[in-house]
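Numbering (this note's numbering), first residue to last: 1106 to 1305. All C-beta atoms in this analysis are idealised placements derived from N, C-alpha and C, irrespective of residue type, glycine included. Worksheet for the structure shown next.
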Ligand SMILES: [Zn+2]
């Protein structure tokens, strides 16, 4: 499913208006370097804006009777919550136990229940893929992946279910050893939330 729908440009304007699109030298949670970072906290700190934008994103799954929206902590929690609100579904999040994501706090999925996976930003799609696998293992039936931002370079984010996002960004990303900003000696900022040892 294409993520570059006609609504993409006004959405990007809204992200820029709230300073969610930042420029500099960043190490993304995937480990890749980039000159552009999307700070989703600038959107999610405004429940009125986040609720409105995510209700828009949820439209794609409105007819699917989604039972639960599942996001990885920390970035996916609020995204899952607002999508779930719009879809009348449960909001569930997964947390790291060592290297793997796990359902804690008594969160469980009903067997065969339609589940939407939520993320803040998809770059390599690593966390969302982990959630998809865990949902299937837990008996759920993934019906899609939804994210605020798609900065993947693979069509459809590389997922085997429909993928939609509010904003599609394709700034160049570099392996650390090939990063031209590193070569210029610019200090690198790591704005993500995932501890270095746990990045995937
Ligand atoms: Zn760099």
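Among the candidates the options, whose CA atom is the shortest distance from the CA of residue i?
i            : options                : result
residue 1248 : 1228, 1258, 1241, 1221 : 1221
residue 1146 : 1139, 1244, 1259, 1226 : 1226
residue 1154 : 1140, 1126, 1182, 1187 : 1187
residue 1181 : 1279, 1289, 1290, 1252 : 1252
residue 1250 : 1259, 1239, 1260, 1264 : 1264
residue 1200 : 1168, 1239, 1284, 1173 : 1239
residue 1243 : 1118, 1228, 1215       : 1215
residue 1260 : 1245, 1285, 1241, 1230 : 1230
residue 1206 : 1189, 1195, 1179, 1228 : 1179
Report back the beta-carbon spacing between residue i and residue j to the nearest angstrom; my notes put them in contact at under 8 Å.
i            : j            : result
residue 1218 : residue 1184 : 19 Å between Cβ atoms; not a contact.
residue 1163 : residue 1191 : 4 Å
residue 1256 : residue 1275 : 7 Å
residue 1198 : residue 1175 : 7 Å
residue 1177 : residue 1236 : 5 Å
residue 1278 : residue 1158 : Contact flag wrong, Cβ pair sits at about 24 Å.
residue 1246 : residue 1165 : That belief does not hold up - the Cβ atoms of residue 1246 and residue 1165 are roughly 16 Å apart, past 8 Å.
residue 1148 : residue 1123 : 6 Å
What did DSSP end up calling residue i once you bin it into helix, strand or coil?
i            : result
residue 1265 : coil
residue 1173 : strand
residue 1140 : strand
residue 1293 : coil
residue 1278 : strand
residue 1285 : helix
residue 1179 : coil
Starting from residue i, trace the beta strand (DSSP E) in both directions and tell me its first and last residue.
i            : result
residue 1247 : 1246-1255
residue 1126 : 1126-1132
What residue range is occupied by the uninterrupted alpha helix (DSSP H) comprising residue i?
i            : result
residue 1119 : 1113-1122
Going along the chain, which unbroken runs of the beta strand (DSSP E) with 3 or more residues stay wholly within the segment 1188-1243? Within the segment 1188-1243, the beta strand (DSSP E) runs of at least 3 residues that lie entirely inside it are, in chain order, 1195-1202, 1205-1208, 1219-1227.
Output the residue ranges of the alpha helix (DSSP H) runs that lie fully inside the segment 1140-1167 and measure 4 residues or longer, sorted by chain position. Counting only runs of 4 or more, we get 1146-1149, 1152-1163.
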